[in-house]
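Presented below is the structure to which this report refers.
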Amino acid sequence: MVRTAWVTDSTAYLDEELKNHPDLYIVPLTILLDDEEFSDGIDLTAEQLFLRLKQLKTPPKTSQPSMGAFHSLYEQLSKDYDQIAAVLLSGKLSGTVSSSEQAAKLVSIPVKTFDSNILTYPMTALLKTGMKWMQDGISLDQVIDRLETIRATNETYVLVGSLEQLHRSGRMSGIQFFLGSMLNIKPIITFDDGALKVKDKTRSEKKAKEKIVEYLRLSYETHRFKEVYIMYGLHEVQAFHWRDELKEQFPQLEFICCPLGAVIGVHAGENTLGISWFTGIQ
Numbered sequence: 176m177v178r179t180a181w182v183t184d185s186t187a188y189l190d191e192e193l194k195n196h197p198d199l200y201i202v203p204l205t206i207l208l209d210d211e212e213f214s215d216g217i218d219l220t221a222e223q224l225f226l227r228l229k230q231l232k233t234p235p236k237t238s239q240p241s242m243g244a245f246h247s248l249y250e251q252l253s254k255d256y257d258q259i260a261a262v263l264l265s266g267k268l269s270g271t272v273s274s275s276e277q278a279a280k281l282v283s284i285p286v287k288t289f290d291s292n293i294l295t296y297p298m299t300a301l302l303k304t305g306m307k308w309m310q311d312g313i314s315l316d317q318v319i320d321r322l323e324t325i326r327a328t329n330e331t332y333v334l335v336g337s338l339e340q341l342h343r344s345g346r347m348s349g350i351q352f353f354l355g356s357m358l359n360i361k362p363i364i365t366f367d368d369g370a371l372k373v374k375d376k377t378r379s380e381k382k383a384k385e386k387i388v389e390y391l392r393l394s395y396e397t398h399r400f401k402e403v404y405i406m407y408g409l410h411e412v413q414a415f416h417w418r419d420e421l422k423e424q425f426p427q428l429e430f431i432c433c434p435l436g437a438v439i440g441v442h443a444g445e446n447t448l449g450i451s452w453f454t455g456i457q
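Be aware that the sequence shown starts at 176, since it is given in our numbering, and climbs by one per residue.
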């Protein structure tokens, strides 16, 4: 039997199943706080990050894993595995995919690098789906082809907790930041082929949530998927409250709450709240 190692980055949400998976390996991104370097998820949690953000003298930064980090891991995995599947956060938001692709050229073991076009739990959902297909006996090439099809069915909508942080990190243009901050507009951010895009603008978070519920209802009535992911920056109570509200309106759906993590928190802020689903995962 072909042995496959699975690799992802630290922006993925790891439930108990993945934490204990013997063939899953994590490559951390780096967070820079006042010239002090931290490995995401290893020596800096989201809670610690948001506490530090209030005390920083300079804007925080994040950095992709180096090509060398991937190369070292892939060389190590080549001793015990026949192939590697790397499911990573959007290449439009980070150079993590590029680092993996460069490292793959330097090792003898076959490596498939898959750009999820997304992050956190939606990326985790793709990872877990790929693992299941592999267990069912589907080849890695076929798994990647299927994941590409599923990837295109994602819908994600985010209420960013801090437009200023998103702007300072280079993920939102100056004009969009100005409109949001000066006119008290609450933009609904979505992903377009892996890149951030303003889907709609509302005057309040309440109206933004109502708009997102409309998107969810229309999508569910058309595709009848089974699960929805609710993502939050720091305040899980806010996420759980929204989950309970949505459960009343959509009792057939399973709602999974998960934190965004420290790297995403650097760019989005502690009050960020998002929702995501794949119409192609039935």
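Backbone N, C-alpha and C define an ideal beta-carbon position, used for all residues, glycine too.
By DSSP, does residue i sit in helix, in strand, or in coil?
| i | result |
| --- | --- |
| S241 | coil |
| P362 | strand |
| V182 | strand |
| V438 | helix |
| A327 | coil |
| F425 | coil |
| K232 | coil |
| Y200 | strand |
| T377 | strand |
| A370 | strand |
| V148 | A query on residue 148 cannot be resolved here, the shown segment of the chain reaching from 176 to 457 and no further. |
| G270 | coil |
| I298 | Checking the sequence, you will find Met at residue 298 rather than Ile. M298 falls in the helix class under three-state DSSP. |
For residue i, which beta-bridge partners are listed by DSSP?
| i | result |
| --- | --- |
| V335 | Its beta-bridge partners do not exist; DSSP assigns none. |
| L448 | L334 and Y407 |
| F430 | V403 |
| F415 | According to DSSP, which records beta bridges pairwise, F415 is partnered with nothing at all. |
| D215 | L219 |
| V286 | I259 |
| I206 | F213 and T237 |
| F453 | N329 |
Rounded to a whole number of angstroms, what is the C-alpha to C-alpha distance between residue i and residue j?
| i | j | result |
| --- | --- | --- |
| F415 | V202 | 29 Å |
| R392 | V403 | 12 Å |
| F353 | K384 | Residue confidence is low: F353 scores 47 on pLDDT, short of 50, so the model does not pin down where it sits. Its coordinate-derived value is still stated next. Taking the straight line from one Cα to the other gives about 22 Å. |
| G270 | T205 | 12 Å |
| D210 | T397 | 49 Å |
| V438 | L231 | 16 Å |
| E192 | F245 | 23 Å |
| I456 | W308 | 12 Å |
| C433 | H410 | 11 Å |
| V177 | A327 | 28 Å |
| K236 | L226 | 15 Å |
| T447 | M406 | 8 Å |
| F425 | D375 | 23 Å |
Among the options, which residue has its Cα nearest to the Cα of residue i?
| i | options | result |
| --- | --- | --- |
| D184 | A327, E385, P234 and T299 | T299 |
| K381 | S394, E396, Q413 and Y395 | Q413 |
| A187 | A180, E276, L263 and T233 | L263 |
| F400 | E429, K287 and E276 | E429 |
| I431 | A180, L189, F366 and A221 | L189 |
| S247 | G305, E222 and V182 | V182 |
| P240 | L224, L207, Q457 and F366 | L207 |
| A260 | F225, D320, L231 and D215 | D320 |
| G408 | D419, G436, L252 and Q427 | G436 |
Under the criterion of a Cβ to heavy atom distance below 8 Å, does residue i qualify as lining the ligand PLP?
| i | result |
| --- | --- |
| L409 | The ligand PLP is not among the ligands present in this structure, which contains no ligands whatsoever. |
Worksheet entry | contact_flag[the stretch 435 to 454, the stretch 317 to 334] where n(CB pairs < 8 Å) is 3 or more | The stretch 435 to 454 is in contact with the stretch 317 to 334.
Discussion item. Is it the case that the stretch 289 to 296 contacts the stretch 361 to 370, given that we only count it when at least three CB pairs across the two stretches are under 8 Å?
Written reply: yes
Discussion item. Can you confirm whether the stretch 296 to 311 touches the stretch 215 to 229 when touching is taken to mean that 3 or more C-beta pairs between the two stretches lie within less than 8 Å?
Written reply: no
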